[in-house]
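This report refers to the structure that appears directly beneath it.
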Amino acid sequence: MVASPLTAINGERAVVFFFVFRVLSSLPLSLLPHALSLSLLSVFSLFVEIRADGSLSLFKTRPGASSGIMLGAVTLPTVMLSKLIQLSRAFSLQQIEIGELEHMTMQFWAASACCCGVLIFLSILMWCAAYNKNPHFSCSVWDAKFSLSCVILFSVVCCISLATISHTGFNTALKLLWLLCHGFAAVKLIQHLLNTFPCCASIGEALLLTSGLVLYFGDMLACTISKVCRLLVSPELVSIRYGIKRSEIGIIIQGVLLGLLIFSAVFKFVIHLWEYFSRADNSESRKNKEIRRSLIFFASLGFTMIVVSPSWMMIVLDFDVHPILWIFQFVLSEPLKRLSLCIYWLGLIYASVLRFYNISKNSKIERILLRKYYHLLAVSMFLPALIYQPKFLDLAFGAALAVFLVLEIIRVWRIWPLGQLVHQFMSAFTDHRDSDILIVSHFSLLLGCALPIWMSSGFNDRPLIPFAGILSLGIGDTMASMVGHKYGVLRWSKTGKKTIEGTAAGIVSVLAACSVLLPLLASTRYIPTQHWFPLLIAVTTSGLLEAYTAQLDNAFIPLVFYSLLCL
Numbered sequence: 003m004v005a006s007p008l009t010a011i012n013g014e015r016a017v018v019f020f021f022v023f024r025v026l027s028s029l030p031l032s033l034l035p036h037a038l039s040l041s042l043l044s045v046f047s048l049f050v051e052i053r054a055d056g057s058l059s060l061f062k063t064r065p066g067a068s069s070g071i072m073l074g075a076v077t078l079p080t081v082m083l084s085k086l087i088q089l090s091r092a093f094s095l096q097q098i099e100i101g102e103l104e105h106m107t108m109q110f111w112a113a114s115a116c117c118c119g120v121l122i123f124l125s126i127l128m129w130c131a132a133y134n135k136n137p138h139f140s141c142s143v144w145d146a147k148f149s150l151s152c153v154i155l156f157s158v159v160c161c162i163s164l165a166t167i168s169h170t171g172f173n174t175a176l177k178l179l180w181l182l183c184h185g186f187a188a189v190k191l192i193q194h195l196l197n198t199f200p201c202c203a204s205i206g207e208a209l210l211l212t213s214g215l216v217l218y219f220g221d222m223l224a225c226t227i228s229k230v231c232r233l234l235v236s237p238e239l240v241s242i243r244y245g246i247k248r249s250e251i252g253i254i255i256q257g258v259l260l261g262l263l264i265f266s267a268v269f270k271f272v273i274h275l276w277e278y279f280s281r282a283d284n285s286e287s288r289k290n291k292e293i294r295r296s297l298i299f300f301a302s303l304g305f306t307m308i309v310v311s312p313s314w315m316m317i318v319l320d321f322d323v324h325p326i327l328w329i330f331q332f333v334l335s336e337p338l339k340r341l342s343l344c345i346y347w348l349g350l351i352y353a354s355v356l357r358f359y360n361i362s363k364n365s366k367i368e369r370i371l372l373r374k375y376y377h378l379l380a381v382s383m384f385l386p387a388l389i390y391q392p393k394f395l396d397l398a399f400g401a402a403l404a405v406f407l408v409l410e411i412i413r414v415w416r417i418w419p420l421g422q423l424v425h426q427f428m429s430a431f432t433d434h435r436d437s438d439i440l441i442v443s444h445f446s447l448l449l450g451c452a453l454p455i456w457m458s459s460g461f462n463d464r465p466l467i468p469f470a471g472i473l474s475l476g477i478g479d480t481m482a483s484m485v486g487h488k489y490g491v492l493r494w495s496k497t498g499k500k501t502i503e504g505t506a507a508g509i510v511s512v513l514a515a516c517s518v519l520l521p522l523l524a525s526t527r528y529i530p531t532q533h534w535f536p537l538l539i540a541v542t543t544s545g546l547l548e549a550y551t552a553q554l555d556n557a558f559i560p561l562v563f564y565s566l567l568c569l
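The sequence shown: position 21 = 23 (the working numbering), numbered continuously.
Listed below in structure tokens is the structure:
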């Protein structure tokens, strides 16, 4: 049964459509193929989401959340397109080179290919499920024609766009193959995530994570291939160049994340081998096995972080010293400011975590409201650093993400002696969106604040872009929850908990913060003029998304706000 147009458009979908329309309305004519492809992707994702809501459950997803397929499918391509609009302005002002613009174009098409590939995969799954349930299913032919038309049009537009930035037909074919690999990798990864971590995420959340990981590590792979080719062959004979000029901090963060990915796979393989060969020895106590497993874990982790990851970093970028020594030199280049900031962070974290942990164990305050205090903690930690030490904050975000990943690996695998302690501590701050298998809320808060800052490096003619995560999560989301919980009466829907009073408080608080932040930025350095009407649209749209979506708002709202601020 096909839903009518009026019943198909709920609050979340309406906000997503307006978000996409706002970005498309700001496009220059040179990006018309990109606009057409994003429009096709939006319609196709809406069609898949409607079909998924009315079909059998494809995966074990997070309880209480809608599928979120449309939001998950359009978010990352729209972010890349917004960044492409910003770089187009920079190129017209001769602030960047053509290579940076072409790189972002490839990033947009790679993100779109990931999402399109997953949508095709979901469509096939639903057709098979519908046919198995009813072999005479009449809508399958129409569904197939509609989906195939969207995919063909999308592919044609992609080929036309890539042909305009390629010098030869072979170059175009190579880029198309690269995008096809992205789509295939995204399909395999989302299958692995949803099957390995059931009930931990909705399909939309898994789609956003999948496309982001494939895009990020695909960029790393392409950069590595380009660098290796230029090292093995004379640079004068090799024309392979990929991407943009990369900073040492960006390469260090990428290298650490790559190392943790390799470490997880290798450690799992080593443990399986060790358990296989030690089955015959039943005399060894359980305690000794845990200690030996722990020693293998920490030794492997240390070797990866000290040897493997820095080796990749030094291949990709010409470091004068070992990357670990470079980090110490960077921190000690301004010792008073940066070490003082570290002491401030550590003191704030210790006092806040100790206080909130005791409250969470002994208080009846709702977990979701208690965790909003951590959003305020993020504001007090990150806002001063972003204004006065933005480069050091970039590095600190990478270090914090690495620590979170290591602690989550220790918790999931119960590595002695910290595994159980970390699990008990983290469980005190979980809510209905977390599970025993995977705790994701602290990751989403950290990345929600960090991603706008990382993506705003380089040319930036919009002063509030780096603050998108801090403003939307630390201030807007926090005020919306607190005011809505205490004073909210009028609800957006009969079944939801979000209130109109809370949403209004979130929007007003972000606008008030912007009115204070802009003069402060102007007093510290030159900033371009910020127009208030586009800012009002951006704040209102992200506030309405927070009100309507059942997805993990820490993941989506900062990216939506960032995209709208780029325009």
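Idealized CB from N, CA, C, for every residue including glycine.
query	result
Rounded Cβ spacing between isoleucine 192 and valine 120 (contact assumed at less than 8 Å)	6 Å
Cα-Cα separation between serine 382 and arginine 232, rounded to whole angstroms	45 Å
Per DSSP, cross-strand counterpart(s) of threonine 107	According to DSSP, threonine 107 bridges with nothing at all.
Rounded straight-line distance, which links the Cα of isoleucine 467 to that of isoleucine 455	8 Å
Check whether leucine 567 and leucine 522 have beta carbons under 9 Å apart	no
Boundaries (first-last residue) of the alpha helix (DSSP H) holding histidine 36	34 to 55
Close Cβ partners of alanine 402 (< 7 Å) along its chain, the five nearest in sequence each way excluded	Leu448
Cα-Cα separation, isoleucine 154 to leucine 407	39 Å
Heavy atom of the ligand GTP within 8 Å of valine 272 beta-carbon	Here there are no bound small molecules, and the ligand GTP is not part of this structure.
Other residues of its chain near aspartate 555: CB distance less than 7 Å, five sequence neighbours each side excluded	Asp479, Glu548
Close Cβ partners of phenylalanine 299 (< 7 Å) along its chain, the five nearest in sequence each way excluded	Phe269, Ile417
Cα-Cα separation, alanine 398 to lysine 62	35 Å
Counted within 10 angstroms of its Cβ, other Cβ atoms place isoleucine 242 as buried (16 or more) or exposed	Because the pLDDT of isoleucine 242 is 43, which lies under 50, any placement of that residue in the model is unreliable, and the number read from its coordinates should be weighed accordingly. Answer is exposed; the Cβ neighbour count stays below 16.
Inter-residue Cα distance where the pair is serine 459 and asparagine 290	48 Å
Separation of leucine 262 from cysteine 344, as counted between CA atoms	24 Å
Per-residue DSSP class, three states only, for isoleucine 242	Note on isoleucine 242: pLDDT 43, under 50, position unreliable in the model; no value is reported.
Close Cβ partners of glutamate 51 (< 7 Å) along its chain, the five nearest in sequence each way excluded	Ser69, Ile71, Met72
Contact set for alanine 92: own chain, Cβ-Cβ below 6 Å, skip 5 residues either direction	Ile98, Phe461
Residue closest to lysine 500, alpha-carbon to alpha-carbon, out of Gln553, Val518, Phe469, Leu453	Gln553
Beta-bridge partners of threonine 306, as assigned by DSSP	Per DSSP, none; premise fails for threonine 306.
Beta-carbon proximity of serine 565 to valine 25, cut-off 9 Å	yes
Threonine 198 versus Leu561, Ala514, Val414, residue with shortest Cα-Cα distance	Val414
Reduced DSSP category for threonine 505 - H, G, I as helix; E, B as strand; rest coil	helix
Bridge partner(s) assigned by DSSP for arginine 493	Thr501
As assigned by DSSP and simplified to three states, the class of tryptophan 418	coil
Residue from Gly185, Gly504, Ala515, Ser511 with nearest C-alpha to tyrosine 550	Gly504
At least 3 beta-carbon pairs within less than 8 Å: the segment 177 to 190 vs the segment 215 to 224	yes
Under the three-state DSSP convention, the category valine 4 falls into	Summary for valine 4: the model assigns pLDDT 48, below 50, so the residue's position carries little reliability, and this model does not support an answer.
Inside the segment 333 to 409 only - alpha helix (DSSP H) runs reaching at least 4 residues	337 to 364, 369 to 372, 374 to 390
Inter-stretch contact at 8 Å, needing at least 3 Cβ pairs: the segment 513 to 520 / the segment 479 to 495	no
Rounded straight-line distance, which links the Cα of valine 230 to that of leucine 239	Low confidence applies to leucine 239: its pLDDT is 39, below 50, so where it sits in the model is not reliable, and the reading given next is rough at best. Rounded to whole angstroms, leucine 239 to valine 230 spans 13 Å at the Cα level.
Neighbourhood of glutamine 422 by C-beta, 7 Å cutoff - its chain only, sequence neighbours within 5 removed	Arg416
Contact set for leucine 453: own chain, Cβ-Cβ below 8 Å, skip 5 residues either direction	Gly471, Pro560, Leu561, Tyr564
Nearest residue (CA-CA) to arginine 295, options Leu420, Ile509, Glu14, Lys488	Leu420
Beta-carbon proximity list for arginine 64, same chain, < 7 Å, skipping 5 on both sides	Cys201, Cys202, Ala203, Ser204, Arg435
Nonlocal neighbours in the same chain, by C-beta distance under 7 Å from isoleucine 539, ignoring five residues either side	Arg24, Leu566
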